[in-house]
Amino acid sequence: GAGVSQSPSNKVTEKGKDVELRCDPISGHTALYWYRQSLGQGLEFLIYFQGNSAPDKSGLPSDRFSAERTGGSVSTLTIQRTQQEDSAVYLCASRLWKNTGELFFGEGSRLTVL
Amino acid sequence: DAKTTQPTSMDCAEGRAANLPCNHSTISGNEYVYWYRQIHSQGPQYIIHGLKNNETNEMASLIITEDRKSSTLILPHATLRDTAVYYCIVVGDDMRFGAGTRLTVKP
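Protein chains in written order, with our numbering: chain U, 1 to 114; chain Y, 1 to 107.
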């Protein structure tokens, strides 16, 4: 597709389970970002990938959160041993290159931890 | 932390201009100012961006002060559909968003 694609759109899981969220950026975009948005809150930066460089993980809230980007394209955000406070919408965005161009967002993955 | 500060909320009458301010006093010389908005339950949407000069497109105008320490997004004729959270961000590598301004357009 032409836009940023995220899956699943909705995920309900039990506390303590692991979850994986997927992001497929726009083809050719070298920069990819993950954000978290809790209900009624702003966008919280999580992690940033730029090409083959080491990712900027400074926004990850705990070591239960990790992300990878394989082949410079698809990215997976993994949350281990989920907690109720992890419930949020997880948004992925991409842009052509760092410092240039607009950021294109996916529609997000809504995670609910029971 | 985000490099910008914005008012938490603003109201605007339908049909009137909405002027949304943003302070970015620590902006560097080569950093752009970008504006996005997020309508309830949707992903953020790009509006406009600028470096030094004022910019205008079909959605809005962006006025940047000469010292570049602040800017104003102008929606010239606000409609009810412009009700959203508006984010002003200084574009660096990590693209950190602040809390934004919740604009409510009232009939």
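For every residue, glycine included, the Cβ atom is placed at its ideal position computed from N, Cα and C.
- DSSP lists Gln-45/Y and Tyr-86/Y as the bridge partner or partners of Arg-37/Y.
- Interface annotation, Arg-68/Y: not in contact with chain U, CB-CB separation never under 8 Å.
- In summary, the residues of the stretch 13 to 33 of chain U whose CB is separated from some CB of chain Y by less than 9 Å are Ala-31 and Tyr-33, in the order they occur in the chain.
- If you draw a 10 Å sphere on the C-beta of Ile-39/Y, you find fewer than 16 other C-beta atoms in it, and that means exposed.
- Rounded to whole angstroms, the separation of the alpha carbons of Ser-109/U and Gln-6/U is 7 Å.
- A straight-line Cα-Cα distance of about 9 Å links Pro-76/Y and Met-59/Y.
- Burial check for Gly-106/U: the Cβ neighbour count within 10 Å reaches 16 or more, so the residue is buried.
- Looking at the DSSP output, Phe-105/U sits in a beta bridge with Ala-93/U.
- One finds Gly-42 in chain U with Cβ atoms closer than 7 Å to the Cβ of Gly-100/Y, taken in chain order.
- At a cut-off of 8 Å between C-beta atoms, Leu-103/U counts as an interface residue with respect to chain Y.
- Within the DSSP secondary-structure output, Pro-21/Y pairs in a beta bridge with Thr-72/Y.
- Counted as a single uninterrupted DSSP element, the beta strand (DSSP E) harbouring Leu-62/Y occupies residues 61 to 64.
- DSSP, reduced to helix, strand and coil, places Asp-11/Y within a strand of the structure shown.
- Using a C-beta cut-off of 8 Å, the stretch 67 to 74 of chain Y makes no contact with the stretch 7 to 14 of chain U, since fewer than three inter-stretch Cβ pairs fall below that distance.
- As for any beta strand (DSSP E) of minimum length 3 sitting wholly inside the stretch 30 to 95 of chain U, the runs are 31 to 37, 44 to 50, 65 to 69, 75 to 79 and 88 to 95, ordered along the chain.
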